[in-house]
Amino acid sequence: MGFLLRWIGAFILLAAIFNPTSWNYVTWARATWGNQTPLIVFLGLVLAVVAMVYLVATLRSIGILGAIIIAAIFAAGLWVLTDWGLLGLQNSALNIWLGILVLSLILGIGMSWSILRQRLSGQQTTDEVDG
């Protein structure tokens, strides 16, 4: 259940920042920049901080190589589905949603990796603190 909540949080975050509909931060900020500038900046900073929490936690737990490997696994899966004719990549909106899905899964896995590794191995994970 913990992974599911972390993944849904990442999906909502990424979809709130950008998606192919008109209901996203980027489209709203572009359309209302002159009228809502302080609110746009405030919400942009809030979204950036939440995204940085996900990104830093992901990079600390699985690293850039782990993120690349997970992305490659999902890309290979999409390639298989495309090759079998189950998925067509001509629809740009679908491609964006697939990108959001894959990125959110990477962030969800990254946020949950330490917990999963601890449960599988029984070892505690600690962060080094420079002092």
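In short: position in the sequence shown from 1, add 17, done, that's our numbering.
From the three backbone atoms N, C-alpha and C, an ideal C-beta is built for every residue, glycine too.
In this text, all values refer to a predicted model and were calculated from it rather than measured experimentally.
Should residue i be labelled buried (16 or more other beta-carbon atoms within 10 Å of its own) or exposed?
i	result
W24	buried
G125	buried
I81	exposed
S109	exposed
I90	exposed
S138	exposed
Mind checking whether the beta-carbon of residue i lies closer than 8 Å to any heavy atom of the ligand SAM?
i	result
G139	With respect to small molecules bound, the structure shown includes none, and the ligand SAM cannot be examined in it.
Could you give the C-beta distance for residue i and residue j, rounded to a whole number, given that I count them as a contact under 8 Å?
i	j	result
Y42	G26	In fact, because the Cβ distance is near 16 Å, the residues do not count as touching under 8 Å.
S121	F28	4 Å
A48	I57	The Cβ separation is near 10 Å, so there is no contact.
**Request:** Let me know the alpha helix (DSSP H) ranges lying completely inside the region 34-122, each 4 residues or longer, listed in chain order.
**Result:** 42-48, 50-78, 80-100
**Asked** Is the region 62-81 close to the region 125-134, with three or more CB pairs under 8 Å?
**Response** yes
**Message:** Under 8 Å, with one C-beta from each stretch per pair, do the region 82-91 and the region 18-36 reach the 3-pair mark?
**Reply:** no
**Message:** I'd like to know if the region 101-120 and the region 35-48 are in contact, where contact means that at least 3 CB-CB pairs between them fall below 8 Å.
**Reply:** yes
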